[in-house]
Each structure stands twice: as structure tokens, then as C-alpha cells.
Ligand code: PLP
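Numbering (the numbering used here), first residue to last: 687 to 1065.
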């Protein structure tokens, strides 16, 4: 039996979402732009799905635009905000622990003459508001701060960032990459005070290939893709109705069981911390605070890729860091200034509503076995 403990990388599609996608593909498959009944039905369903995802996020349907993934949402938000602010300045503030979907567009903008300040985290894996306050300038046009860090689970002070921008009186728009926060920590875009916020379907048990961008009412972003005028002319391309239906079904299910899921994952995290630190020699929790679905640990002296492969052979799946790094050393652990021996041994364990204590027990046993068999030969 497989034990999947890498839910921050992606999640299995939940049955409600798979059923909704199948229905959209086999029955509601019309083009929402078509004038005949098959089309108007698809358009009606699309409107309902937008409403459903918006309700789960806590915003108005008119504030939510579907994209193909979290990466697209991040790219659109950053490029769009910079375009809107082009007459006001050329300075951007973000954090050194953002996902590549934020860092890479920022680096591209640097090559075009923008100045980007990257805020470093402290040893607690979080970014201090004071650092942001010091970085803000009259020409700062964008602040991009993630809600939950995908490798550490830390919850960044996004609402405080909104306040800091207001206090500084600079023209910056605030974007938040909430891909790891949506339905994992309670929030609404309004409570955070953000202008733009990215989410992604495959982190909440919908299929890959669907995401959304929240754009605060009153803000008109420049279009992401030009073409047939779908998504209010902002993001053309025939709508991915099956993925959208699945996204809505997953969001609705997640919204309804949010309180229960959060306490389930918090209890599992607590159990995992106790079970793993007691059973596996040398194992340390890297950061215990933060979102309940992510637990970074380190096995000092081990190579995490080796441990990941060892566990995989036992049918236990965890990450050696963000799946997006594909074996490259993580910029997040580097930003934490961990000693190399600790950094090399980092594993990320991540939970979901359907993770069980048996999964954690299997991991503990797998790691105990790894400690016996791998150490010290492969360290
Ligand atoms: N932002 C964060 C924090 C993520 O964890 C990820 C995916 O791992 C992304 C953005 C990218 O989302 P997507 O895979 O939907 O492009």
C-alpha cells in the first residue's frame, strides 16, 4: 500500500472533482461562447463554478479570473501590476523564499531595468515586517509576498504587509501567492488586504491545469492573453470547462470541511513530530510553527535524495524540498543559512484531509530503516 505524504507538491483528485470533470466532458461539453443551448448551458455552468470557487476563497465572482495554473496567475499578477505602475516607479519588493513562479518573473524584470529587493527570512523561516517597512520607497510599485511557504509551511505576514504599504503611502500593489494557503489556512483576500492573489487547483484535489487570479474590485489588470475575449477579455482562450468544474467541486468540498480538515492535519502534524523525533535517531524538526499541512524535517548527515529514493522503494512518498527544484539545491533552505549538513538532509512531509496516522507510522518505520541501512555509508 502506498503512503503519499507529498501533498504540497500535488494532491490526488478527489472523487467529487473527478465526477464533475467527467460530467463536464461528457454532457456539458459545449463551448461557453456558443449561442445555442449547448453553449448557453456551458456558460451557465461556468458562471456557477466561478461563484463556487469565489465563495470558497471569500471574494466576489467578478473578482476571480480562471488561468491555467498558479504559475500563470503569479506571472500575470506581477507583469500586470508592473504595467499598471509603470509611470510611478521601477521598484519591486518580494521575499527570497517565494516560489520560482514569482522569483523568475522578478528576475526577468530586473533584466529589463527594474530594481527588486528580496527580503531574507530569519532562522524561523519567516520574513519580518520591519524588513518590508525599511524596503518600501516612494517608487515601490509592487510587493509580492506569499501566504504559506511551500517548503517550510511558514505563514507570512501578508495582512501586515498591506498595512505597511498603506502607512508608507507608496503606490505599491500587493500581490500574494496563496497557492499553498488556499483551503489550508483560513483567510479571505479582503481580510489580507491584497490587490491580487493566486491560487491553483491541483493543490486542493482538483486536476492540474487550472488556477485562478483574484483581482480586487476596481483594479483593471492588463490582459494576460489576447484572443477571443474570454474571461472578460483579460485571459482569452476557450475556457477549460472540465478543469473549472472540477476546481469548483474540490473548492466546495474543501470549504465545507475546512475546520475539520485543518484540525485533522494539525493533529497529524503534532503526532508526526512526536513519532518521528522519538523514533528516528538524529531527526530534527526544522520548523514546527506554521500551516498544519507542511512539516519540514532534517536528518543531519544524510542526503535527502537518497532517503527519498529509499522511501519510494518502500511505497512512501515525501519530498526532498520543492518538487519544482528537480534535485537542485533549494533557494529556500539556502536563504535560511542552514549548515550544509542540515540542509542536505531536509525532507518535506505534507499532509492532506485524507492522510492517516498509518501513513505517518509507515514513514516513521521507513525512516528508522533508512537510518539503520543508509547511515553512515551514504552520508
Ligand atoms: N506557488 C507556490 C507557493 C507553489 O507551491 C506552487 C506549486 O508548487 C506554485 C506557485 C505553482 O503552481 P502551479 O503548479 O499550479 O503552477
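For every residue, glycine included, the Cβ atom is placed at its ideal position computed from N, Cα and C.
Exercise for the section: Would you kindly report the start and end of the unbroken beta strand (DSSP E) that includes residue 701? Expected result: Translated into positions along the chain shown, residue 701 becomes position 15. Premise fails: residue 701 lies in the alpha helix (DSSP H), 701-712, not in any beta strand (DSSP E).
Problem - Sub-8 Å separation of residue 768 and residue 780 beta-carbons - result: Counting from one through the chain shown, the residue named residue 768 turns up at place 82. Counting from one through the chain shown, the residue named residue 780 turns up at place 94. No.
Problem - Of the listed residues 1047, 875, 1039, 823, nearest to residue 742 (C-alpha basis) - result: Counting from 1 along the chain shown, the entry for residue 742 is found at position 56. When only C-alpha atoms are compared, the closest one is 875.
Practice task
Consult DSSP for residue 888 and reduce its assignment to one of helix, strand or coil.
Solution key: Position 202 of the chain shown holds residue 888. Here residue 888 sits in helix by DSSP.
Exercise for the section: Determine, using beta carbons only, whether residue 818 and residue 847 come nearer to each other than 8 Å. Expected result: Here the question's residue 818 lines up with position 132 in the chain shown. Here the question's residue 847 lines up with position 161 in the chain shown. Yes, the pair counts as a contact, with Cβ atoms nearer than the cut-off.
Exercise for the section: May I have the straight-line CA-CA distance separating residue 1063 from residue 1019, to the nearest angstrom? Expected result: The sequence position of residue 1063 within the chain shown is 377, counting from 1. The sequence position of residue 1019 within the chain shown is 333, counting from 1. For residue 1063, the pLDDT reaches just 46, beneath the cut-off of 50, and the residue's location in the model is therefore unreliable, although a value from the coordinates is still provided. So the alpha carbons of these two residues sit roughly 24 Å apart.
Handout entry: Nearest-angstrom beta carbon gap, residue 890 and residue 928 [assumed within contact, 8 Å]
Key = As a working note, residue 928 is residue 242 in the chain shown. As a working note, residue 890 is residue 204 in the chain shown. Not really, about 16 Å apart at Cβ, beyond 8 Å.
Practice task
For residue 866, count neighbouring C-beta atoms within 10 Å of its own C-beta (all shown protein chains included) and say buried if the count is 16 or more, exposed if not.
Solution key: Locating residue 866 in the chain shown gives position 180, counting from the first residue. Classification of residue 866: buried, given that the 10 Å Cβ count is 16 or more.
Practice task
Could you tell me the distance, in whole angstroms, from the CA atom of residue 965 to the CA atom of residue 839?
Solution key: Here the question's residue 965 lines up with position 279 in the chain shown. Here the question's residue 839 lines up with position 153 in the chain shown. Whole-angstrom Cα-Cα distance: 23 Å.
Practice task
Would you kindly check if the distance between the Cβ of residue 978 and the Cβ of residue 944 is under 8 Å?
Solution key: For the purposes of this step, residue 944 is identified with residue 258 of the chain shown, where counting begins at 1. For the purposes of this step, residue 978 is identified with residue 292 of the chain shown, where counting begins at 1. Contact: no.
Handout entry: Per-residue DSSP class, three states only, for residue 971
Key = Position 285 of the chain shown, counted from the first residue, corresponds to residue 971. Reduced to three states, the DSSP call for residue 971 is strand.
Exercise for the section: Could you check if residue 703 is buried or exposed, using at least 16 other CB atoms within 10 Å of its CB as the buried criterion? Expected result: The residue you call residue 703 lines up with position 17 of the chain shown. Buried: at least 16 other Cβ atoms inside 10 Å.
Exercise for the section: Starting from the Cα of residue 1000, find the closest Cα among 886, 1045, 752 and give me that residue. Expected result: Translated into positions along the chain shown, residue 1000 becomes position 314. Nearest C-alpha to residue 1000: 1045.
Practice task
Determine the DSSP secondary structure at residue 897, reduced to helix, strand or coil.
Solution key: Along the chain shown, read from residue 1 onward, the residue named residue 897 stands at position 211. Strand, per DSSP.
Problem - Proximal residues to residue 1065 (C-beta, below 8 Å), its chain only, five neighbours per side dropped - result: Along the chain shown, one-based indexing puts residue 1065 at 379. Low confidence applies here, because residue 1065 scores a pLDDT of 40, under 50, leaving its location unreliable; read the following figure in that light. Contacts found: 987, 988, 989.
Problem - Assigned exposure category for residue 953 - 16 Cβ within 10 Å defines buried - result: In the chain shown, counting from the first residue as 1, residue 953 sits at position 267. That one is exposed.
Problem - C-beta contact flag for residue 910 and residue 862 at 8 Å - result: Within the chain shown, numbered from 1, the residue matching residue 910 stands at position 224. Within the chain shown, numbered from 1, the residue matching residue 862 stands at position 176. No, they are not a contact pair.
Exercise for the section: Write down every uninterrupted run of the beta strand (DSSP E) in the stretch 707-781 whose length is 3 residues or greater and which is fully enclosed by it, in chain order. Expected result: 750-753, 777-781
Exercise for the section: Could you say if the stretch 753-772 and the stretch 785-804 meet the contact criterion of at least three C-beta pairs nearer than 8 Å? Expected result: yes
Handout entry: As assigned by DSSP and simplified to three states, the class of residue 862
Key = Taking the chain shown and counting its residues from 1, the one referred to as residue 862 is at position 176. Residue state, collapsed to three classes: strand.
Problem - residue 915 CB to nearest heavy atom of the ligand HEM below 7 Å - result: Ligands present in the displayed structure are limited to the ligand PLP, and the ligand HEM is not among them.
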